[in-house]
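Colleague: I have a structure here, written as structure tokens, and I will follow up with some questions on it.
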Amino acid sequence: MKVGIMGGTFDPIHIGHMLAAEAAREAYHLDEVWFMPSHIPPHKQKAGVTGQMRLAMTAEAVKSHPSFHTLDFEVERGGVSYTIDTVTALKKLHPHIEFTFIIGADMVNYLPKWHRIDELAGMLDFIGVNRPGSDLDVSQLPEYLQAVVKIADMPLIDISSSLIRKRAAAGQSIRYMVPDPVYDYIVRSGIYGI
Ligand code: ATP
Ligand code: MG
0 MKVGIMGGTF DPIHIGHMLA AEAAREAYHL DEVWFMPSHI PPHKQKAGVT GQMRLAMTAE
60 AVKSHPSFHT LDFEVERGGV SYTIDTVTAL KKLHPHIEFT FIIGADMVNY LPKWHRIDEL
120 AGMLDFIGVN RPGSDLDVSQ LPEYLQAVVK IADMPLIDIS SSLIRKRAAA GQSIRYMVPD
180 PVYDYIVRSG IYGI
């Protein structure tokens, strides 16, 4: 079985994440995509809303897709979420699953700085998708990474969680930037003040 891991802070999850996962699923015939909110991402500040809330939004986002699921692994583990630790544990738990890790172009370019990336690159392949603001040029990566980063095409989506948080804080609409059930959750819970 082939499973793509879609990792992120998901503060909140938005249509860029959904399309990235769908593009990767289709291009590489993934049986499932597991959306995994991080607890504390290594490369940025702690998310503003709790892991349980980000998990709840993620569950809302994936519920209509038969191949999309949530994974509470990093939120439950707590601490800083290093992908190397997660992938090591997941491979032990599921020795017969072939995992890939789905990332946007900004993260593709950042890959050389990931914690213990040389080891991680020996453990699984990455699927990179394009994203406005970052060139998706795998040839700029060190050779050991070029060998493990595959590309899936997706329509450019100029949306980020930061933009959505900023819009919500300014009282601007975020409708359709997030899946409808996520929008409903955000309004119901009041977590972004709308
Ligand atoms: P923030 O603005 O808080 O950094 P974000 O929108 O970048 O949020 P993350 O949770 O940081 O979302 O990203 C999770 C993963 O999804 C990363 O690999 C990122 O590159 C990818 N991603 C996020 N938004 C898009 C997008 N619009 N198009 C393609 N990939 C995206
Ligand atoms: Mg980001």
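Position 146 of the sequence shown, counted from 1, bears residue number 145 in numbering that gives the first Met the number 0, the numbering being contiguous throughout.
The beta carbon of each residue, even a glycine, is placed where N, CA and C say it ideally should be.
This one's a predicted model, so the numbers in the text were calculated from it and none came from an experiment.
Which two residues bound the contiguous beta strand (DSSP E) that contains G50?
Modeller: Premise fails: G50 lies in the alpha helix (DSSP H), 50–61, not in any beta strand (DSSP E).
Colleague: With respect to the beta strand (DSSP E) encompassing P36, which residues constitute its N-terminal and C-terminal limits?
Modeller: 31–36 is the span of the beta strand (DSSP E), which, as asked, contains P36.
Colleague: Go through the segment 72–134 residue by residue and report every complete run of the beta strand (DSSP E) that reaches 3 residues or more, in order.
Modeller: Counting only runs of 3 or more, we get 97–103, 124–128.
Colleague: Give the straight-line distance between the Cα atoms of F72 and M35, rounded to the nearest whole angstrom.
Modeller: Approximately 7 Å, taken between the alpha carbons.
Colleague: So who's on the other strand from I39, going by DSSP bridges?
Modeller: Bridge partners of I39: V79.
Colleague: With G15 as the anchor, note down where its alpha helix (DSSP H) starts and where it stops.
Modeller: It spans 14–26 - the alpha helix (DSSP H) in which G15 sits, taken as one unbroken run.
Colleague: Looking at the ligand ATP, does it come within less than 6 Å of H16, judged from the CB to the closest heavy atom?
Modeller: Yes, the ligand ATP has a heavy atom inside 6 Å of this Cβ.
Colleague: Grab me the residues of P194's own chain with a C-beta within less than 8 Å of its C-beta, minus the 5 sequence neighbours each way, in chain order.
Modeller: Absent from the model: residue 194. The displayed extent of the chain is 0 to 193, so no value can be given.
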